[in-house]
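Peer 1:
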Amino acid sequence: MRNGTASRTAQYMAFFRALETQAPPDRRLFDDPYAFALLSGALRQFARMANFPILGRMVRAVLEVGWPYTRSSGVVRTRAIDDLVCEAIRCGARQLVLLGAGFDSRGLRLEEAKSVAVFEVDHPATQTEKEKRLQAFIGQVRTNIRYVPVDFEKDDLEKKLIKAGFDPRVAAVVVWEGVISYLTEAAVRATFGLLTDLLAPSSCLIFTYMHKGVLDGSKAFPGVRRWRSWVSFCGEPFVFGFNPDTLGDTLRSFGFALRSDKSTEEIAQQYCPALGRNEPGSQAYRVAIAARAEA
Ligand SMILES: C[S@@+](CC[C@H](N)C(=O)[O-])C[C@H]1O[C@@H](n2cnc3c(N)ncnc32)[C@H](O)[C@@H]1O
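In terms of our numbering, the sequence shown is residues 2 to 296.
1. From the DSSP output, in three-state form, read off Leu111 for me.
2. Applying the criterion that 16 or more other CB atoms from any shown protein chain within 10 Å of the CB defines a buried residue, is Ala62 buried or exposed?
3. Taking just the CA atoms, how far does Phe239 sit from Val215?
4. Over what stretch of residues does the beta strand (DSSP E) that includes Asp123 continue unbroken?
5. Can you find at least 3 beta carbon pairs, one from the segment 163-175 and one from the segment 75-95, that sit closer than 8 angstroms?
6. Look at the alpha carbon of Val189 and the alpha carbon of Gln271, and state the distance between them as a whole number of angstroms.
7. Would you identify the three-state DSSP class for Tyr272, choosing helix, strand or coil?
8. According to DSSP, is Arg147 part of a helix, a strand, or is it coil?
9. Considering only C-alpha positions, which residue in the set Arg9, Ala15 and Arg253 is nearest to Phe104?
10. Assuming Leu158 and Thr185 make a contact with CB atoms under 8 angstroms, what is their CB distance in whole Å?
11. Only counting the same chain, and skipping five residues up and downstream in sequence, which positions put a Cβ closer than 6 angstroms to that of Phe37?
12. Would you mind giving the Cβ-Cβ distance between Arg110 and Asp217, rounded to the nearest angstrom? I have them listed as a contact below 8 angstroms.
13. Cβ of Met211 within 7 angstroms of any heavy atom in ligand 1?
14. Would you kindly work out how many angstroms separate the C-alpha atoms of Gln128 and Phe167, rounded to a whole number?
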């Protein structure tokens, strides 16, 4: 991330969610009534333009030509994670931790999240900006949502979560969406290690990751070269990935058991045909679920 400025990739994700929210209700993957309000500058103008028929077609056409897999992968992952979070809460999780929450408002958007303690963890530069924009839009944020500023590269996440009221004895669902790719291996390992110690046994962790083959050049996927240069241009290059073939073993070494691992291409096929849509998702970008391994 560029020093002292809110994450740009987080703002682009909010832009994609704002566009998704403009789709006809029967074709929408989800509703994010906060996404537009959280945008600023050119992205806000583009999202406003996208509401008009001809301009909207132009904005969408540019995205489809420029970043078809990026947008598509982003919106299908959001829908899948929304469903997984709701299911985890219905199954007993009483705490929701959003690691690198960015400009997403899952804690406000999801009905199920209203009844649990929500911890929004993010880099201080992104979080300060989000809180400011959200306050301007809705005033006071609900009291079950706590903001926890953390830099995964240097801060003590455990200490900060506990100080914010996180209870390690209570089942939690932890979401780490769209973040791991931007962290060093050391920060990823340290965070997994800490979560192993911190989470109550019936907790689960939902995370997204980039296929390691993209980073070491051993695999090519449609659209990923442009995607990589775009995030680098944003000052947030992809630096870390997992190999899906060995993810189970890797997670076991961190103290987690892999429950599910799907590409966003597979997730798109799961959700989009029923909505009359044909989204590509991406073979390179994946959503995984892990549970604390039995001792
Ligand atoms: C692509 S955005 C994803 C945001 C959100 N989860 C979503 O899917 O819309 C990446 C997020 O990672 C956060 N991030 C990147 N590096 C970080 C670090 N070292 N410590 C804490 N957060 C970080 C950014 O602030 C940003 O919110």
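Just so it is clear, CB atoms sit at the ideal spot from N, CA and C, and this is done for glycine as well.
Peer 2: Straight from the coordinates:
1. Position 110 of the sequence shown holds residue 111. Three-state result, Leu111: coil.
2. Position 61 of the sequence shown, counted from the start, is the residue given in the question as residue 62. Result: exposed.
3. Mapped onto the sequence shown, residue 215 falls at position 214. Mapped onto the sequence shown, residue 239 falls at position 238. Between Val215 and Phe239, the C-alpha separation is close to 9 angstroms.
4. Position 122 of the sequence shown, counting from 1, holds the residue named residue 123. Residues Ala118 to Asp123.
5. yes
6. If you number the sequence shown from 1, residue 189 lands on position 188. If you number the sequence shown from 1, residue 271 lands on position 270. Rounded to the nearest angstrom, the two C-alpha atoms are 29 angstroms apart.
7. In the sequence shown, residue 272 corresponds to position 271, counting from 1. DSSP places Tyr272 in the helix class (H, G or I) of the three-state scheme.
8. Taking the first residue of the sequence shown as 1, we reach residue 147 at position 146. Arg147: strand per DSSP, three-state reduction.
9. Locating residue 104 in the sequence shown gives position 103, counting from the first residue. Phe104 has its Cα closest to that of Ala15, out of Arg9, Ala15 and Arg253.
10. In the sequence shown, the residue the question calls residue 158 occupies position 157. In the sequence shown, the residue the question calls residue 185 occupies position 184. About 15 angstroms; that fails the 8 angstroms criterion.
11. What you label residue 37 is simply residue 36 of the sequence shown in a count that begins at 1. If we look at Phe37 and ignore the five residues flanking it on each side, its Cβ neighbours are Ala19 and Ala48.
12. As a first step, residue 110 is located in the sequence shown; it is residue number 109 there, counting from the start. As a first step, residue 217 is located in the sequence shown; it is residue number 216 there, counting from the start. Not quite, the Cβ-Cβ distance comes to about 36 angstroms (not below 8 angstroms), so this is no contact.
13. Numbered from its first residue, the sequence shown carries residue 211 at position 210. Ligand 1 has no heavy atom closer than 7 angstroms to the beta-carbon of Met211.
14. For the purposes of this step, residue 128 is taken as residue 127 along the sequence shown, with counting starting at 1. For the purposes of this step, residue 167 is taken as residue 166 along the sequence shown, with counting starting at 1. Taking the straight line joining both Cα atoms gives about 18 angstroms.
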